[in-house]
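Below is one structure, written out as structure tokens, with a few remarks after it.
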């Protein structure tokens, strides 16, 4: 029987706590209260304690949390206590940016292959990325026990790439293509929606402009 | 007095509805019920109706929603009914990827300048991006009425760039640097946290592996 499901909203806060705890660790801070974490993160102290209680009794009343211990425990919960073999398909600008992003390797995500429908595109050569053709993808995944597949292709071929990933045994897909992918239930799918972030920005930009105008009209 | 605040969780669903409605429009679908939208988006019909009711009475009982009308109304609410002048600072891989992403221009976000602390880096020349030095940033923003500033620099200089943006009059900042920025209350700040998305993926990958093992052990 599956354990009690922790809600997705709680789960999405864990990497945020993890990031702040990492920064505290870098600064040599040993101990932190839920109130101090609240001041840093913007979540209430009560919310933070509740969230963490889903996973164990990490804190001590009157003491707070041991930063290193909590950081390591959250790391385990987030699956960051091991390394993963990762491939990228889609060697364009975004795939290139992900490939060279150093933070992922530091966190244990090793991008060991980059694939593209057009591997001989000379732009790839200039970028010093060794790009392989799509027809080598399935065997490469199997031979290298690749568990995570990243998709940075156009939306037209994203589902085809996801299908290869699934067939080859990839366990999780990180999708940047602007399309909903269909994958089996036991394959983890996480999509990054940059447009949604930008449109949230424009929502607030417009709203703040509106509020400013209202405030100015009131003065007059 | 500020209007009733709509919660951020509702706001973040609006671009999702907008995206699906755009796809329906492309397919020539004229009309959709909240239940059909629910099947597409995964949110309950009741949630969708509630969300949209915050902004007006768009639907009609028994009819549902007119796709084009709802799409346009959401577009207005999201501030997508106009164009914006945008700059990018940080001409590395990620800045490059954002610069060439066609979806943003189509949505009205015109990237009219790219800046970098090292504009003569030869990698920029190969990418066909005209990169300007940081000391031209403030004047450029003022002269071109730039409202949105994107930050794709390393975290070390991100706050300095944000300060220039604010001083020059930028109204919203889209931040990709892995650091919390400090900006005045009237400047919209939206941060993209790729690591948080990836660590959510690894959380579920690990959890699904655990569930699979449990299921297999039960069979034995």
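Protein chains in written order, with my numbering: chain A, 1384 to 1603; chain C, 1384 to 1603. Ideal placement from N, C-alpha and C gives every residue a C-beta, glycine not left out.
Comparing alpha-carbon positions, which option in the options lies nearest residue i?
i: residue 1439 of chain A; options: A:1456, A:1423, A:1447, A:1428; result: A:1456
i: residue 1448 of chain A; options: A:1461, A:1480, A:1432, A:1427; result: A:1432
i: residue 1546 of chain C; options: C:1562, C:1567, C:1585, C:1575; result: C:1567
i: residue 1529 of chain A; options: A:1576, A:1540, A:1492, A:1512; result: A:1492
i: residue 1521 of chain C; options: C:1496, C:1394, C:1593, C:1595; result: C:1496
i: residue 1420 of chain C; options: C:1564, C:1451, C:1404, C:1411; result: C:1404
i: residue 1678 of chain C; options: A:1589, A:1600, A:1538, A:1596; result: The displayed coordinates of chain C run from 1384 to 1603. Any statement about residue 1678 of chain C would go beyond what the structure contains.
i: residue 1591 of chain C; options: A:1418, A:1471, A:1461, A:1575; result: A:1461
i: residue 1400 of chain C; options: A:1601, A:1578, A:1593, A:1599; result: A:1578
i: residue 1538 of chain C; options: C:1565, C:1516, C:1550; result: C:1565
i: residue 1472 of chain A; options: A:1519, A:1444, A:1459; result: A:1519
i: residue 1406 of chain A; options: C:1527, C:1562, C:1391, C:1410; result: C:1562
i: residue 1459 of chain A; options: C:1410, C:1459, C:1445, C:1593; result: C:1593
Give me the Cβ distance between residue i and residue j, rounded to the nearest whole Å; I'm assuming they're in contact under 8 angstroms.
i: residue 1573 of chain C; j: residue 1558 of chain C; result: 7 angstroms
i: residue 1469 of chain A; j: residue 1494 of chain A; result: 5 angstroms
i: residue 1398 of chain A; j: residue 1582 of chain C; result: 4 angstroms
i: residue 1531 of chain A; j: residue 1553 of chain A; result: 7 angstroms
i: residue 1485 of chain C; j: residue 1450 of chain C; result: No, residue 1485 of chain C and residue 1450 of chain C are not in contact; Cβ-Cβ is about 23 angstroms, not under 8 angstroms.
i: residue 1441 of chain C; j: residue 1423 of chain C; result: The Cβ separation is near 16 angstroms, so there is no contact.
i: residue 1595 of chain A; j: residue 1569 of chain C; result: 7 angstroms
i: residue 1482 of chain A; j: residue 1512 of chain A; result: 6 angstroms
i: residue 1580 of chain A; j: residue 1393 of chain C; result: So it is not a contact: roughly 16 angstroms between Cβ atoms.
i: residue 1585 of chain A; j: residue 1463 of chain C; result: 6 angstroms
Start and end of the beta strand (DSSP E) containing residue i?
i: residue 1532 of chain C; result: 1531-1534
i: residue 1571 of chain C; result: 1571-1574
Among the residues of its own chain, which have a CB less than 8 angstroms from the CB of residue i, if the five just before and after it don't count?
i: residue 1504 of chain A; result: 1474, 1514
i: residue 1386 of chain A; result: Reliability fails at residue 1386 of chain A, whose pLDDT of 49 lies under 50, so the model's placement of it is uncertain and the value that follows must be treated cautiously. Correct list: empty, nothing qualifies.
i: residue 1408 of chain C; result: 1450, 1451, 1454
i: residue 1412 of chain C; result: 1450
i: residue 1384 of chain A; result: Legend: pLDDT at residue 1384 of chain A = 33, less than 50; position of this residue unreliable, no value from coordinates given.
i: residue 1428 of chain C; result: 1416, 1417, 1418, 1420, 1421
i: residue 1444 of chain C; result: none
What span of residues does the alpha helix (DSSP H) with residue i cover, start to end?
i: residue 1555 of chain C; result: Segment 1555-1558 is the beta strand (DSSP E) holding residue 1555 of chain C; no alpha helix (DSSP H) there.
i: residue 1583 of chain C; result: 1577-1602
i: residue 1458 of chain A; result: 1450-1460
i: residue 1550 of chain C; result: 1538-1551
i: residue 1394 of chain C; result: 1391-1394
For residue i, I'd like the list of residues in its chain whose CB is within less than 6 angstroms of its CB, leaving aside the five on either flank, ordered along the chain.
i: residue 1489 of chain C; result: none
i: residue 1389 of chain A; result: 1437
i: residue 1571 of chain C; result: 1555
i: residue 1517 of chain A; result: 1498, 1500
i: residue 1551 of chain A; result: 1521, 1524, 1525
i: residue 1338 of chain A; result: Given a span of 1384 to 1603 for chain A in the structure shown, any question on residue 1338 of chain A remains unanswerable.
i: residue 1487 of chain C; result: none
i: residue 1391 of chain A; result: none
i: residue 1402 of chain C; result: none
Among the residues of its own chain, which have a CB less than 7 angstroms from the CB of residue i, if the five just before and after it don't count?
i: residue 1426 of chain A; result: 1396
i: residue 1477 of chain C; result: 1535, 1559
i: residue 1467 of chain C; result: 1491, 1492, 1493, 1530, 1531
i: residue 1540 of chain C; result: 1500
i: residue 1601 of chain A; result: none
Taking 6 angstroms as the line, does the beta carbon of residue i fall inside it for any heavy atom of the ligand NAD?
i: residue 1573 of chain C; result: Absent from the structure shown: the ligand NAD. Ligands present: none.
List the residues of chain E that residue i touches, going by C-beta distances under 9 angstroms, in chain order.
i: residue 1480 of chain C; result: Protein chains A and C are contained in the structure displayed, whereas chain E is not.
(request) Report the residue ranges of all alpha helix (DSSP H) runs contained in full by the region 1471-1524 of chain A; include only those spanning at least 4 residues, in chain order. (result) 1476-1482, 1485-1489, 1505-1509
(request) Please go through the region 1407-1444 of chain C and give each complete beta strand (DSSP E) segment of 3 or more residues, from N-terminal end onward. (result) none
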